[in-house]
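Some notes on the structure that comes next.
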Amino acid sequence: MKNKVSSQVLEGAAEFIKCYGQDPDDIARCVDLTPESLRVTNVMIPEIKVNELFEEASIRCNDRFFGLRFAKVKKVSTMGMIWSMMRGAKTIGKSMEILSANIEKHSQALSVYLSPEKNGFSINIEVRNPETENRKNIHKSTIQVVEHSLALLCKDLREEAGSKWNPSYIQFRHKKPNPCSPLFDFFGDNIFFDQDVNSIHLSKEDWIKLQGTISQNENNQESYSSDIDVESELPIILRVDRVIRDLMNKDGVTAALIAHELNVTVRTMQHRLTQHKTSYQQIYDRVRLDLAKQYLKNSRLSLTEISERLHFKIPAHFSRFFSQNTGHSPRDHRGGNH
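Numbering-wise (the numbering used here), the sequence shown opens with residue 3 and increments by one.
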């Protein structure tokens with residue numbers, strides 16, 4: 003699976019860190035990034051290092067809301083071609099569909115899912131924090147990148163819906179920080195924590211609202227973006243991972259459901275995964291382990307609540323699964339420095 007992204011995603015980070023009186027080069031080296039990656043936009047860097055940089059900068063700058071505040075001054079256009087395609091969409095809803103279909107071509111550590119709701123649509127953001135061989139300087143939390151990503155998305159929507167626009171509500175998987183006024187000041191009053199998704203909710207009226215800025219090449223761009231088939235262009239491992247994370251927040255996950263979503267038979271899906279030396283069960287277990295670590299470190303959910311969200315029948319099964327894959331219990335992980 004591709005694990006590198008253009009250093010364009012860090013554009014402006016060095017200058018922003020300097021505003022706190024900190025040395026951006028020192029922070030970059032601490033997470034095994036070259037200082038050059040903070041100054042030029044065409045260096046390919048490991049995706050995991052973006053998360054590490056944000057978390058380390060939050061600590062060094064002594065700012066729990068570093069990611070949120072960086073989003074306020076960051077250019078949304080750092081997404082490059084995807085952003086241009088989004089600007090060519092006729093409606094806000096179509097723009098979000100383009101984002102969802104193409105974001106993993108920009109960064110495979112990030113997925114965007116669209117979920118129809120009773121009163122509108124939820125745009126769910128999933129940040130992958132994969133295991134690596136060298137875990138020495140890896141930060142386990144993804145809070146900074148999550149808040150940064152949702153803030154960038156909200157900022158982009160305000161360019162079309164108006165500067166005073168707020169989403170219907172925001173959901174965060176992590177616990178409520180204290181204080182949390184910066185989040186309410188930026189997103190509005192309707193924020194919920196310890197949720198099963200990281201999400202921004204749009205009303206039906208917002209979804210069909212015409213965008214204020216339409217490209218002169220609108221027809222060509224709309225046709226181009228509509229023809230994109232994300233399922234045929236992404237690697238099979240990422241496609242399965244993507245669907246598992248989406249279904250995890252719904253009724254449950256089975257190989258048959260995953261294959262149905264991918265429009266293939268279970269046998270074909272398993273065969274293709276075998277060619278990549280993996281299986282549906284291995285990917286499913288990896289996703290559940292990743293989410294378990296996020297819940298344990300970042301939320302106030304009980305072990306019973308976490309096991310239910312990860313579709314374990316009883317908490318004991320979850321504890322056994324976690325211990326077998328990490329070498330320590332969920333309680334030790336939550337209370338320790340693993």
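The beta carbon of each residue, even a glycine, is placed where N, CA and C say it ideally should be. The model shown is predicted, which means the values in this text are computed figures rather than measured ones.
So, is the C-beta of aspartate 243 closer than 8 Å to a C-beta in chain C?
Given the protein chain composition of this structure (a single chain), no chain C is represented.
Looking at histidine 335: is its Cβ nearer than 8 Å to the Cβ of leucine 298?
yes
Counting Cβ pairs, one atom from each stretch, are 3 or more of them under 8 Å apart for the segment 115 to 125 and the segment 35 to 48?
no
Can you say whether asparagine 221 is buried or exposed, counting buried as having 16 or more other CB atoms within 10 angstroms of its CB?
Here the model assigns asparagine 221 a pLDDT of 42, short of 50, so the residue's position is not dependable and the matter cannot be decided.
Separation of histidine 278 from isoleucine 238, as counted between CA atoms:
9 Å
Taking a contact to mean a Cβ-Cβ separation below 8 Å, would you say phenylalanine 194 touches glutamine 173 in this structure?
yes
Identify the residues that DSSP records as bridge partners of tyrosine 171: which are they?
His203
Can you tell me where the beta strand (DSSP E) with leucine 112 in it begins and where it stops?
It spans 112 to 119 - the beta strand (DSSP E) in which leucine 112 sits, taken as one unbroken run.
Own chain residues within Cβ distance below 7 Å of valine 268, not counting five before or after
Within the same chain, valine 268 has close Cβ partners Ala257, Ala258, Ala261.
Please classify aspartate 229: does DSSP put it in a helix, a strand, or coil?
Note that aspartate 229 has pLDDT 41, beneath the 50 cutoff, so the model's placement of it is unreliable and no number is given.
Look at the alpha carbon of isoleucine 105 and the alpha carbon of valine 114, and state the distance between them as a whole number of angstroms.
7 Å
On a CA-only basis, which of Phe68, Glu128, Gly14, Ile47 is nearest leucine 293? Give me that one, please.
Glu128
Does the Cβ of glutamate 207 have 16 or more other Cβ atoms within 10 Å, making it buried, or fewer, making it exposed?
A residue is called buried once 16 or more other Cβ atoms fall within 10 Å of its Cβ, and glutamate 207, having fewer, is exposed.
With DSSP collapsed to three states, give me the class of threonine 306.
helix
Within the same chain, show all residues whose beta-carbon is closer than 6 Å to that of alanine 30, passing over the 5 residues directly before and after it, in chain order.
Pro37, Leu40
Of the residues Glu58, Phe314, Pro181, the one placed nearest aspartate 253, counting alpha carbons only:
Phe314
Could you check whether valine 242 and isoleucine 285 sit closer than 8 Å to each other, using their CB atoms as the reference points?
yes
Lysine 142 and serine 301 closer than 8 Å at C-beta:
Contact: no.
So, helix, strand or coil for lysine 107, using DSSP?
DSSP places lysine 107 in helix when its eight states are reduced to three.
May I have the straight-line CA-CA distance separating arginine 89 from serine 151, to the nearest angstrom?
18 Å
Taking the alpha-carbon positions, what's the leucine 275 to serine 183 distance?
45 Å
Check whether the Cβ atoms of valine 42 and serine 9 sit closer than 8 Å, and answer yes or no.
yes
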